[in-house]
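Protein chains in written order, with this note's numbering: chain A, 1 to 514; chain B, 1001 to 1649.
One structure is given here, and the rest of the page talks about it.
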Amino acid sequence: MNDFPWLTVIAAVPLVGAVVVAAIPRERVESLKSAAIAFSMIALGLTIALMTQFRSTTRVGAPQFQFVEDHTWIADYGIGYRIGVDGVALLLIALTAFLVPIVLLASWNVESKTKSYFVLILVLETALIGCFAAIDVFLFYVFFEVMLVPMYFLIGVWGGERRVYAAVKFFLYTLLAGLLMLVAVLALYLRTKNGDPSGIGTFDYREWLKLDIPTATQNWLFLGFAIAFAVKVPLFPFHTWLPDAHTEAPTGGSVLLAAVMLKIGTFGFLRYSIPLFPDAAQTFAPMMMVLGLIGIFYGALVAIVQKDIKRLVAYTSIAHLGFIVLGLFAFTSQSLAGGVLYMINHGLSTGALFLIIGFLYERRHTRLISEYGGLRSVVPVLAATFLVAGLSSLALPGLNGFVSEFLVLLGTYSRHQVVGIIATFGIILAALYILIAYQRTMQGELTVEANRNLPDLTLREKFVIGPVLALIVALGVVPGPALRIIEPAVNRVLERVAQTDPAPTVSGVVGSAK
Amino acid sequence: MTDVVLLAQETHAAADASGAASLMWLLIVAPLVGATLLLFAGRRSDKWGHLLATAVSAFTFVLGFAMFLQLRGEGHDERTISQKLYEWIPIGSLHVDFRLRLDPLSICFVLLITFVGTLVHVYSIGYMDHDHDRRRFFAYLNLFIAAMLLLVLADNFLLLYVGWEGVGLASMLLIGFWGDVPAYATAAKKAFVVNRVGDVGLGLAVMTMFATVGAVGFDEVFARAGDISGPTVTAICLLLLLGACGKSAQFPLHVWLPDAMAGPTPASALIHAATMVTAGVYLIARANPLFSASHTARTAVMTVGIITVLIGGVIACAQDDIKKVLAYSTISQIGYMMVGVGLGPAGYALGIFHLLTHGFFKALMFLGAGSVMHGVHNETDMRRMGGLRTFMPWTYWTFLIGWLAIIGAPFTSGFFSKDAILELAYAEENYVIYALGLLGAVITAFYMTRLMAMTFWGPNRFDKGVHPHESPRVMTVPLALLAAGAALSGVLLGGFDADKRPIAAWLEPVFGPAEHHEPAINPVLLTLFTVAVIAGGAYAAFTRYARHDVPITAPGVVLPPVTWARKKLYFDTVYESVVMRPGQWLARALVYVDGRGVDGAVNGAAALVGGTSGRVRRVQTGFVRSYALAMLGGAVLLVGALVLVRLVP
Chain A
1 MNDFPWLTVI
11 AAVPLVGAVV
21 VAAIPRERVE
31 SLKSAAIAFS
41 MIALGLTIAL
51 MTQFRSTTRV
61 GAPQFQFVED
71 HTWIADYGIG
81 YRIGVDGVAL
91 LLIALTAFLV
101 PIVLLASWNV
111 ESKTKSYFVL
121 ILVLETALIG
131 CFAAIDVFLF
141 YVFFEVMLVP
151 MYFLIGVWGG
161 ERRVYAAVKF
171 FLYTLLAGLL
181 MLVAVLALYL
191 RTKNGDPSGI
201 GTFDYREWLK
211 LDIPTATQNW
221 LFLGFAIAFA
231 VKVPLFPFHT
241 WLPDAHTEAP
251 TGGSVLLAAV
261 MLKIGTFGFL
271 RYSIPLFPDA
281 AQTFAPMMMV
291 LGLIGIFYGA
301 LVAIVQKDIK
311 RLVAYTSIAH
321 LGFIVLGLFA
331 FTSQSLAGGV
341 LYMINHGLST
351 GALFLIIGFL
361 YERRHTRLIS
371 EYGGLRSVVP
381 VLAATFLVAG
391 LSSLALPGLN
401 GFVSEFLVLL
411 GTYSRHQVVG
421 IIATFGIILA
431 ALYILIAYQR
441 TMQGELTVEA
451 NRNLPDLTLR
461 EKFVIGPVLA
471 LIVALGVVPG
481 PALRIIEPAV
491 NRVLERVAQT
501 DPAPTVSGVV
511 GSAK
Chain B
1001 MTDVVLLAQE
1011 THAAADASGA
1021 ASLMWLLIVA
1031 PLVGATLLLF
1041 AGRRSDKWGH
1051 LLATAVSAFT
1061 FVLGFAMFLQ
1071 LRGEGHDERT
1081 ISQKLYEWIP
1091 IGSLHVDFRL
1101 RLDPLSICFV
1111 LLITFVGTLV
1121 HVYSIGYMDH
1131 DHDRRRFFAY
1141 LNLFIAAMLL
1151 LVLADNFLLL
1161 YVGWEGVGLA
1171 SMLLIGFWGD
1181 VPAYATAAKK
1191 AFVVNRVGDV
1201 GLGLAVMTMF
1211 ATVGAVGFDE
1221 VFARAGDISG
1231 PTVTAICLLL
1241 LLGACGKSAQ
1251 FPLHVWLPDA
1261 MAGPTPASAL
1271 IHAATMVTAG
1281 VYLIARANPL
1291 FSASHTARTA
1301 VMTVGIITVL
1311 IGGVIACAQD
1321 DIKKVLAYST
1331 ISQIGYMMVG
1341 VGLGPAGYAL
1351 GIFHLLTHGF
1361 FKALMFLGAG
1371 SVMHGVHNET
1381 DMRRMGGLRT
1391 FMPWTYWTFL
1401 IGWLAIIGAP
1411 FTSGFFSKDA
1421 ILELAYAEEN
1431 YVIYALGLLG
1441 AVITAFYMTR
1451 LMAMTFWGPN
1461 RFDKGVHPHE
1471 SPRVMTVPLA
1481 LLAAGAALSG
1491 VLLGGFDADK
1501 RPIAAWLEPV
1511 FGPAEHHEPA
1521 INPVLLTLFT
1531 VAVIAGGAYA
1541 AFTRYARHDV
1551 PITAPGVVLP
1561 PVTWARKKLY
1571 FDTVYESVVM
1581 RPGQWLARAL
1591 VYVDGRGVDG
1601 AVNGAAALVG
1611 GTSGRVRRVQ
1621 TGFVRSYALA
1631 MLGGAVLLVG
1641 ALVLVRLVP
């Protein structure tokens, strides 16, 4: 590993790009759009280079974070510019860097205030990458809140009819929950201050892991973090901002919101709530799993009867994120790794669905399912992409979603049999909501005259959706490399909560009974 | 890990692939590439797509046959060859390889799938000639071949699951091939969703295996089958049975198969008759070490099987749509296979035996039905057919062989395979199963003879404008080849000596040796008795439907049992009122709760904070936008202030 500040550069490239794009006169629309995409592509290229240098090792004593940069920022409060990645953060950064160029290309036809739109998405990318890369909790909090700003404007300016309501609701909800986390963060900081001979204390995450916190205190602090993340995930009953935000957001906003921003919540559970408060995490694990279960069924059932296609996909996200939370709090290596992989896979499948719905919206300017129907015969390629993305979402084996969903279920089942059994029934509802959506939009008779002459996907749109679908297939067929990147981080979490995988009930040397 | 290694040393280890078997992966990859090529090429491949797909399918058959010869050349205990392609899912103690396994059981399926599959491809060249989407149809067929071969070649339960849902996908795509018709699209969805119910069972079985023995590979799980506690092994088997019920359309999950007839008929022949729907039987036969360890589970398998034999048969008697009759017949026949594998060690091979012969005669009859439909302008109502034997002799004579085979006429394939199952039930003193199985055979003879009479015999009843004609060679030659299989496969695979059935000997490395119980009475007498009652059933239908006029519209006033059978014994009705409608109500109720309750609380809280309720309207229009912006500004200020702190000494 060399000393090149990989992460800083990767996070900075989009921000620099935003500045450059902002400097381009608004009349030169093509140039500014191309420039934005170019910068996001550079960030993606650098991320791929970073991945090739990442060392996935389960060796004892291996450092938790790689590519660490540690600089003093606000010395008086022990705040530092500290960044670094483990396998989980690396994959989430990769997902972000992968999706942003796609989202920008998908937003090529944004007409009003084009420049601002592209600038905001680049700023958002920096905030997202920073959030995953931060290993200073204050820095994390800053990114956590800063990312709300570009998203607020994306929804509020370029959104649908109820965009203002949705944007405000999204903003206030997340911000208020974030304040609870801030209180918990400050409380933890004060604890480090007590133990520090210099009396300064620190926001260094790695130092926080060494804190010895009494169980009762852990419970309160856990809740402070957990509520912030539960809103972000979102977990039932904190979810109602999501359908509005997802639905009203423009395509690019919906994709990044669903694919990446929701994962900040689950990432937060995994990175902060569980390792910092291991005792509390175990105390609250049953509650978290129950909330996950509720999400699986509640989200799916509500999705089934939606009339608005974007709202339908938004509710499926609640179901999917329920699986992730279930996996994270079942505390087995399979369920945890499955949960992490699920974050990536949900990003791809739901991202793809929102992109495709975006294509439809650009053609017909409606999200009502009843306005579609029988499209397969008119736009077969578009219909096919919808089907593949949908099959990924319903976890068809062979595609990415299956590996993660099955690992979550298998891991959960091996420790909590009944929970695993109940959750498995969720796969029936997943098939239902996806196939209902497919049937009502793509199959059947062409009922709406306006759809008769819809053009099929353009070359640009194929470039948008193609890479996502390719990754959906690749991660389903060869999930091994991703799992190997995830495994060390997952093992650390298990160690932290002092759990080991349940041993098989029938063990011993094979054939000994014969 | 160490014990897995031990296992490999102690039991007869699977040999590494060499020779033709080293190309095992190609059996899956070739059709997959074929399908991908056709789907990506789109209209550009309209001219050659069907030929490419057929060639690929034929190639898999040739390759499969070469592997069969190779296996035959190996010693009795060395007929298990495995090939690891890569490590698929490695995490914690779970290590699932992408590993294929060729053994006497899987090669039977490889041959059946690729042989029938290739004939169906050839037949479809003619059958789908006028469809402007023929290329897409062939792409799906290739996709199906790939998934089905993966299902039977997988060396662990999780990889099997991939093939299992893969064939489900291909099936759904083919059922919904003409998805512009809303009912067909609904049928496709129904097939997938009902199968998913079964998949819950299969999935939970795999999870239980992992939790119990820490592995999901066939060898690892089976080696420990004897060590697993009784209730657990029964639970695993019952979960597998649930999976099998979904895929193989067994009671109570059989309801999707009749609707699946919406797909093009060649797809019905291949997927919904000969191969995919028998995957449940394969699953149970494959998991035989587990089922052998649980008497309860075997009884459950038999019970499900025999119930399905009867309900499938009864409903088939009242159907007028030729494909629906065949669909219920398939359900019923798979019931026999389930009874076979449920009978335990001696029965596994017999279940597979009936599966293979059924593969021939049922594919034959489905393709025959397709040929009939082709000849009478896509009519499927048998009441509007009749007397077709003179118009389409090839179709008629081949169908006749299929009919003889399914009712079990002496020396046809069904005679050997179905009789073997009944005889074993008798020999094992399962007299209830035997009696009900015999009753099923009578019903089978009745409804199949009814089908023959209404379609081929008696007077013409088709509309004036319809001019029946024989199908082209490309369709009749596959019929002839399948007819040969339907006629001869029984005597070749089974033969006359119940102790030395070639199929049982071939499968012995997989199922182990089976003791043969001599039935309490002479088996020849049993056989004669069976043939007599079957003849009775056939004769009853013959007098009723060939000798008497068949009204063009079904008579309205009928006995209650006929009404029940016409209503498909009310399964769909019950599911709709017990599951689907309450489910919809629940979903609607939740939407209400979500909007008024959960979100209402959120908005209410917001309104409370914002001031009196009179302001709510303004909250939603713009007043709060500035409020939020103020908060945003506040947050930025807060951050800025914290940054500034360090500038202040």
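Don't be surprised by glycine CBs; every beta carbon is placed ideally from N, CA and C.
Here the structure is a predicted model, which is why all the values come from computation and not from measurement.
Problem - Whether Asp1180 of chain B touches Gly374 of chain A by CB criterion (8 Å) - result: What you label residue 1180 of chain B is simply residue 180 of the second sequence in a count that begins at 1. What you label residue 374 of chain A is simply residue 374 of the first sequence in a count that begins at 1. It is a contact, given that the beta carbons lie within the stated cut-off.
Problem - Nearest residue (CA-CA) to Met1207 of chain B, options B:Gly1335, B:Leu1239, B:Ala1487 and B:Val1304 - result: Translated into the one-based positions of the second sequence, residue 1207 of chain B becomes position 207. The residue with the shortest Cα to Cα distance from Met1207 of chain B is B:Leu1239.
Exercise for the section: Check each candidate in B:Ala1420, B:Thr1449, B:Ser1371 and B:His1517 and name the one with the smallest Cα separation from Pro1472 of chain B. Expected result: Taking the first residue of the second sequence as 1, we reach residue 1472 of chain B at position 472. If we check each option's Cα against that of Pro1472 of chain B, B:Ser1371 comes out closest.
Exercise for the section: Identify the continuous alpha helix (DSSP H) that holds Gln282 of chain A and give its terminal residues. Expected result: Looking up residue 282 of chain A in the first sequence gives position 282. Pro278 to Ile304 is the span of the alpha helix (DSSP H), which, as asked, contains Gln282 of chain A.
Handout entry: For Ala1267 of chain B and Ser40 of chain A, the rounded distance between their alpha carbons
Key = As a position in the first sequence, residue 40 of chain A is number 40, starting the count at 1. As a position in the second sequence, residue 1267 of chain B is number 267, starting the count at 1. Between Ser40 of chain A and Ala1267 of chain B, the C-alpha separation is close to 47 Å.
Handout entry: At least 3 beta-carbon pairs within less than 8 Å: the region 1474-1492 of chain B vs the region 1358-1375 of chain B
Key = Touching, per the Cβ criterion.
Exercise for the section: Compile a chain-ordered list of the residues in the region 1571-1596 of chain B whose CB is closer than 8 Å to at least one CB of chain A. Expected result: Gly1583, Gln1584, Leu1586, Ala1587, Arg1588, Leu1590, Val1591 and Asp1594
Problem - Backbone CA spacing between Lys232 of chain A and Gly327 of chain A [nearest angstrom] - result: As a first step, residue 232 of chain A is located in the first sequence; it is residue number 232 there, counting from the start. As a first step, residue 327 of chain A is located in the first sequence; it is residue number 327 there, counting from the start. So the alpha carbons of these two residues sit roughly 17 Å apart.
Problem - Cross-chain neighbours of Thr240 of chain A in chain B, by beta carbon under 8 Å - result: Taking the first sequence and counting its residues from 1, one reaches residue 240 of chain A at position 240. Below the 8 Å Cβ cutoff, chain B contributes Asp1594, Val1598, Asp1599 and Val1602 as neighbours of Thr240 of chain A, in chain order.
Problem - Element boundaries [beta strand (DSSP E), containing Pro1509 of chain B] - result: Walking along the second sequence from the start, residue 1509 of chain B turns up at place 509. Not the beta strand (DSSP E): Pro1509 of chain B falls in the alpha helix (DSSP H), residues Pro1502 to Phe1511.
Handout entry: Expected contact under 8 Å - CB spacing of Ala437 of chain A and Ile309 of chain A to nearest Å
Key = As a first step, residue 437 of chain A is located in the first sequence; it is residue number 437 there, counting from the start. As a first step, residue 309 of chain A is located in the first sequence; it is residue number 309 there, counting from the start. Right, their Cβ atoms sit about 7 Å apart.
Exercise for the section: Pull up the distance between the alpha-carbon of Thr505 of chain A and that of Val490 of chain A, whole angstroms please. Expected result: Taking the first sequence and counting its residues from 1, the one referred to as residue 505 of chain A is at position 505. Taking the first sequence and counting its residues from 1, the one referred to as residue 490 of chain A is at position 490. Each residue's Cα considered, the two are about 23 Å apart.
Practice task
Check whether the region 1324-1344 of chain B touches the region 1441-1450 of chain B, taking contact to mean three or more Cβ pairs, one atom from each stretch, closer than 8 Å.
Solution key: yes
Handout entry: Contact under 8 Å by Cβ, Ala1445 of chain B with Gly1375 of chain B
Key = By one-based count along the second sequence, residue 1445 of chain B stands at place 445. By one-based count along the second sequence, residue 1375 of chain B stands at place 375. Not closer than 8 Å, so no.
Exercise for the section: Please report how far the alpha carbon of Val29 of chain A lies from the alpha carbon of Leu1253 of chain B, in whole angstroms. Expected result: In the first sequence, the residue the question calls residue 29 of chain A occupies position 29. In the second sequence, the residue the question calls residue 1253 of chain B occupies position 253. Using only the alpha carbons, I get a separation of about 58 Å.
Exercise for the section: Just the C-alpha distance for Leu242 of chain A and Trp1025 of chain B, rounded to the nearest angstrom, thanks. Expected result: The residue labelled residue 242 of chain A in the question sits at position 242 within the first sequence. The residue labelled residue 1025 of chain B in the question sits at position 25 within the second sequence. So the two alpha carbons sit approximately 45 Å from each other.
Handout entry: Chain-order list of residues whose beta-carbon lies under 8 Å from that of Val16 of chain A (same chain, five-residue window excluded)
Key = Position 16 of the first sequence, counted from the start, is the residue given in the question as residue 16 of chain A. Hits under 8 Å: Phe39.
Problem - Per-residue contacts from Ser517 of chain A into chain B (C-beta, under 8 Å) - result: Since the first residue shown for chain A is 1 and the last is 514, residue 517 of chain A is missing from the structure and cannot be characterised.
Practice task
Could you tell me which of A:His416, A:Leu387 and A:Pro278 sits nearest to Ala216 of chain A, measuring between CA atoms?
Solution key: The residue labelled residue 216 of chain A in the question sits at position 216 within the first sequence. The shortest Cα separation from Ala216 of chain A among A:His416, A:Leu387 and A:Pro278 belongs to A:Pro278.
Problem - Local conformation of Ser393 of chain A per DSSP, three classes - result: The residue you call residue 393 of chain A lines up with position 393 of the first sequence. Note: Ser393 of chain A maps to helix in three-state DSSP.
Problem - For Tyr1396 of chain B, the first and last residue of its enclosing alpha helix (DSSP H) - result: Taking the second sequence and counting its residues from 1, the one referred to as residue 1396 of chain B is at position 396. Its alpha helix (DSSP H) spans residues Pro1393 to Ile1407.
Exercise for the section: Measuring only between beta-carbons, confirm whether Asp1227 of chain B sits less than 8 Å from chain A. Expected result: Here residue 1227 of chain B corresponds to residue number 227 of the second sequence, with the count starting at 1. Yes, contact with chain A.
Problem - Contacting positions in the region 388-404 of chain A - beta carbon closer than 8 Å to chain B - result: Answer in chain order: Leu391, Leu396, Pro397, Gly398, Phe402 and Val403.
Practice task
Give me the Cβ distance between Ile1311 of chain B and Leu1569 of chain B, rounded to the nearest whole Å; I'm assuming they're in contact under 8 Å.
Solution key: Against the second sequence, residue 1311 of chain B aligns to sequence position 311. Against the second sequence, residue 1569 of chain B aligns to sequence position 569. Their Cβ separation, rounded to whole angstroms, is 6 Å, which keeps Ile1311 of chain B and Leu1569 of chain B in contact under 8 Å.
Practice task
Check distances from the C-beta atoms of the region 485-496 of chain A to those of chain B and list, in chain order, the residues that come in under 7 Å.
Solution key: Glu487
Handout entry: Same chain only: Cβ atoms within 8 Å of Tyr141 of chain A, ignoring 5 sequence neighbours per side
Key = Taking the first residue of the first sequence as position 1, residue 141 of chain A is located at position 141. Result list for Tyr141 of chain A: Gly178, Met181, Leu182 and Val185, in chain order.
Practice task
For Arg82 of chain A, name the three-state secondary structure that DSSP assigns.
Solution key: Working through the first sequence from its first residue, we reach residue 82 of chain A at position 82. It is a strand residue.
Exercise for the section: Give me the Cα-Cα distance between Leu1159 of chain B and Ala1053 of chain B, rounded to the nearest whole angstrom. Expected result: Counting from one through the second sequence, the residue named residue 1159 of chain B turns up at place 159. Counting from one through the second sequence, the residue named residue 1053 of chain B turns up at place 53. About 25 Å.
Practice task
Can you pull the chain A residues whose beta carbon is under 7 Å from the beta carbon of Phe1157 of chain B, in chain order?
Solution key: By one-based count along the second sequence, residue 1157 of chain B stands at place 157. The premise fails here: Phe1157 of chain B is roughly 11 Å from chain A at the closest Cβ pair, so nothing lies under 7 Å.
Exercise for the section: Run down chain B in chain order and give the residues with a C-beta less than 7 Å from the C-beta of Ile428 of chain A. Expected result: Within the first sequence, the letter at position 428 stands for residue 428 of chain A. Neighbours of Ile428 of chain A on chain B, chain order: Val1193, Arg1196, Val1197 and Val1200.
Handout entry: Alpha carbon of Arg1617 of chain B to alpha carbon of Tyr165 of chain A, nearest angstrom
Key = Numbered from its first residue, the second sequence carries residue 1617 of chain B at position 617. Numbered from its first residue, the first sequence carries residue 165 of chain A at position 165. Interpretation of Arg1617 of chain B is limited by its pLDDT of 47, a score under 50 that renders its predicted location unreliable; the figure taken from the coordinates is listed afterwards. Near 11 Å, if we compare the C-alpha coordinates of Tyr165 of chain A and Arg1617 of chain B.
Exercise for the section: Can you tell me which of the three DSSP states Gly1214 of chain B falls into? Expected result: Along the second sequence, one-based indexing puts residue 1214 of chain B at 214. Gly1214 of chain B: coil per DSSP, three-state reduction.
Exercise for the section: Round the Cβ separation of Ala280 of chain A and Asn219 of chain A to the nearest angstrom and send it over; I've been treating them as touching at under 8 Å. Expected result: What you label residue 280 of chain A is simply residue 280 of the first sequence in a count that begins at 1. What you label residue 219 of chain A is simply residue 219 of the first sequence in a count that begins at 1. The Cβ separation is near 5 Å, so the contact holds.
Exercise for the section: Measure the Cβ-Cβ separation of Phe225 of chain A and Ser273 of chain A and say whether it is below 8 Å. Expected result: Numbered from 1 along the first sequence, position 225 holds the residue referred to as residue 225 of chain A. Numbered from 1 along the first sequence, position 273 holds the residue referred to as residue 273 of chain A. Yes, they are a contact pair.
Practice task
Would you kindly work out how many angstroms separate the C-alpha atoms of Leu1590 of chain B and Thr1186 of chain B, rounded to a whole number?
Solution key: The residue you call residue 1590 of chain B lines up with position 590 of the second sequence. The residue you call residue 1186 of chain B lines up with position 186 of the second sequence. Answer to the nearest angstrom: the Cα atoms are 24 Å apart.
Exercise for the section: Find out if the Cβ-Cβ distance for the pair Asp1077 of chain B, Glu1087 of chain B is shorter than 8 Å. Expected result: Walking along the second sequence from the start, residue 1077 of chain B turns up at place 77. Walking along the second sequence from the start, residue 1087 of chain B turns up at place 87. The answer is no: Cβ separation not under 8 Å.
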